[in-house]
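In what follows, a single structure is set out as structure tokens and then discussed.
Number of protein chains: 2
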Amino acid sequence: MIKLTAQRQAILDMINQSNQHWDAEILARALSDAGHSIGIATIYRGLTALEQAGLIQAMHLGDKKRYERSDKAHHDHLVCGSCGSIEEFFDEQIEQRQRHVASQYHFQMNGHQLLIFGICQQCLKLSVKGEQS
Amino acid sequence: MIKLTAQRQAILDMINQSNQHWDAEILARALSDAGHSIGIATIYRGLTALEQAGLIQAMHLGDKKRYERSDKAHHDHLVCGSCGSIEEFFDEQIEQRQRHVASQYHFQMNGHQLLIFGICQQCLKLSVKGEQS
DNA sequence: GTTATTATTGATAATAGTTATCGTTCTTGG
DNA sequence: CCAAGAACGATAACTATTATCAATAATAAC
Ligand SMILES: [Mn+2]
Ligand SMILES: [Mn+2]
Ligand SMILES: [Zn+2]
Ligand SMILES: [Zn+2]
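In order, the protein sequence lines correspond to chains A and B. Going letter by letter, the first sequence gives residues 42 to 174 in the numbering used here. Going letter by letter, the second sequence gives residues 42 to 174 in the numbering used here.
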């Protein structure tokens, strides 16, 4: 049973009030800007505690762990290698097939992570414009 | 054009002669055991160079980067959270659907990573036996 | 309602994985 | 040969994260 201290509540609120995929450092800066000065160790501990309590969800992207709200349904991510933006999608057929593959391998699946890498629509437009130099 | 020095060749051979998903540290130890004493910085640089040359392929798993042979067809991974073993699979329907999702979002996909987490068959068997204590 | 117990915090040290620096060594084309 | 560039190895530096520990806050016992 997690204890929602003032610091943890601030972390949770910040995450719940956005659609971002936060890492610890960015979150600490945002909280600081919002008037909460929370030690970086407390941020890390709070994120871990909130994740274990199921109040936020986490994923690994590159070398850092990112956190987002857990009050939205499961989804996967399109990651833009140019601007770093992250779009979300859900595809039931992919989910189904994953369950199928797991059962074929007698593998007891308890989660998955699908990242699609590439260039987002925005960045594609910009690069087309930029090319007429 | 990559230059295959003795060190890089040793790294490449070690990777090509196995089906493992190597991280830098484990690889360094294996090379050392095999008689090649290669500086850890050279290992990291070599892995990066070999990856850029397309001679090996890489993926992020948790907090470390893993490398494997690139002479096998694209595949995704089942990762056992108990013993750490990695099984490989390929599912054309999942691949297709990913392309479909990307095009729907006007996203120019140039790669993806699908990790399925869970417990492998081996570990499931062992845990069943262990439970009759 | 004080006191003892326990949990949490924040500063900071420590760790893990990786990259940068730099002097030395190896290649290679002239 | 020999000069120029590439690669190497030791190690410092860096980034993300966890551990330590004294101080503080919350909770439980009398
Ligand atoms: Mn998301
Ligand atoms: Mn593989
Ligand atoms: Zn973009
Ligand atoms: Zn296993």
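Note that the Cβ used here is the ideal one computed from N, Cα and C, for glycine as well.
| query | CB of S144 of chain A to nearest heavy atom of ligand 4: below 8 angstroms? | reply | Working through the first sequence from its first residue, we reach residue 144 of chain A at position 103. No, the Cβ of S144 of chain A stays beyond 8 angstroms of every heavy atom of ligand 4.
| task | May I ask you to list the residues that DSSP assigns as paired with H118 of chain B? | result | Numbered from its first residue, the second sequence carries residue 118 of chain B at position 77. B:E129, B:L156, per the DSSP bridge assignment.
| message | Does the distance between the C-beta of E129 of chain A and the nearest non-hydrogen atom of ligand 1 fall short of 8 angstroms? | response | Position 88 of the first sequence, counting from 1, holds the residue named residue 129 of chain A. Because some heavy atom of ligand 1 lies under 8 angstroms away, the Cβ of E129 of chain A counts as near it: yes.
| task | With hydrogens ignored, establish whether the beta-carbon of E109 of chain A is closer than 8 angstroms to any heavy atom of ligand 1. | result | Here residue 109 of chain A is taken as the residue at index 68 of the first sequence, counted from 1. It does: the Cβ of E109 of chain A is within 8 angstroms (strictly closer) of some heavy atom of ligand 1.
| message | Please report the distance separating the alpha-carbon of A65 of chain A from that of D54 of chain A. | response | The sequence position of residue 65 of chain A within the first sequence is 24, counting from 1. The sequence position of residue 54 of chain A within the first sequence is 13, counting from 1. Answer to the nearest angstrom: the Cα atoms are 14 angstroms apart.
| request: Any chance you could list the beta strand (DSSP E) runs of at least 3 consecutive residues sitting entirely within the region 53-129 of chain A, in chain order? | output: 97-102, 105-110, 117-121
| Near G171 of chain B, what residues of its chain come up, given a Cβ to Cβ distance below 6 angstroms and the 5 sequence neighbours on each side ignored? | Here residue 171 of chain B refers to the residue found at position 130 when the second sequence is read from its first residue. Excluding positions up to five away in sequence, the list is empty.
| field | Other residues of its chain near G87 of chain A: CB distance less than 7 angstroms, five sequence neighbours each side excluded | value | To locate residue 87 of chain A, count along the first sequence from 1; it is residue 46. Correct list, in chain order: Q48, R49, I52.
| said: Quick check: is any heavy atom of ligand 2 less than 8 angstroms from the C-beta of H153 of chain B? | reply: The residue you call residue 153 of chain B lines up with position 112 of the second sequence. No, Cβ of H153 of chain B sits at least 8 angstroms from all heavy atoms of ligand 2.
| query | Are D117 of chain B and F130 of chain B touching if we call contact CB-CB under 9 angstroms? | reply | One-based indexing of the second sequence puts residue 117 of chain B at position 76. One-based indexing of the second sequence puts residue 130 of chain B at position 89. Yes; because the gap between Cβ atoms is below 9 angstroms, this pair is in contact.
| task | Tell me, to the nearest whole angstrom, how far the beta carbon of R138 of chain B is from that of M150 of chain B; I am working on the premise that it is less than 8 angstroms. | result | Within the second sequence, numbered from 1, the residue matching residue 138 of chain B stands at position 97. Within the second sequence, numbered from 1, the residue matching residue 150 of chain B stands at position 109. So it is not a contact: roughly 12 angstroms between Cβ atoms.
| query | If you draw a straight line from the C-alpha of E128 of chain A to the C-alpha of W63 of chain A, how long is it? | reply | Numbered from its first residue, the first sequence carries residue 128 of chain A at position 87. Numbered from its first residue, the first sequence carries residue 63 of chain A at position 22. So the two alpha carbons sit approximately 14 angstroms from each other.
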